[in-house]
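One structure is given here, and the rest of the page talks about it.
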Amino acid sequence: DHNPQISMNYGITSIPAILFVKGGQVVDKLVGAQPKANFLKKIEQHK
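Numbers given in the working numbering equal positions in the sequence shown, counted from 1, plus 1.
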């Protein structure tokens, strides 16, 4: 809410929104409440 331009830049329309950034680029994201297993899967995918 304090910086709406940032959320617009990244296409964030819902919270929570977790962006996975690698090499300065967004490579994936999770939106909404997620179980721990989903986070771990995404982390493994983008190592």
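Glycine included, every Cβ here is placed at the ideal spot set by N, Cα and C. Quick caveat, the model's predicted, so the values are computed rather than measured.
- A straight-line Cα-Cα distance of about 19 Å links ILE16 and ALA38.
- A distance of 7 Å or more separates the beta carbons of HIS47 and VAL32.
- Separation of GLY12 and LYS30 (C-alpha to C-alpha, rounded to the nearest whole angstrom) is 10 Å.
- Sequence-distant partners of ILE19 (beyond 5 residues in either direction) whose C-beta falls short of 7 Å from its own C-beta, in its chain, are LYS30, LEU31.
- Residue pairing by DSSP places ALA34 in no beta bridge whatsoever.
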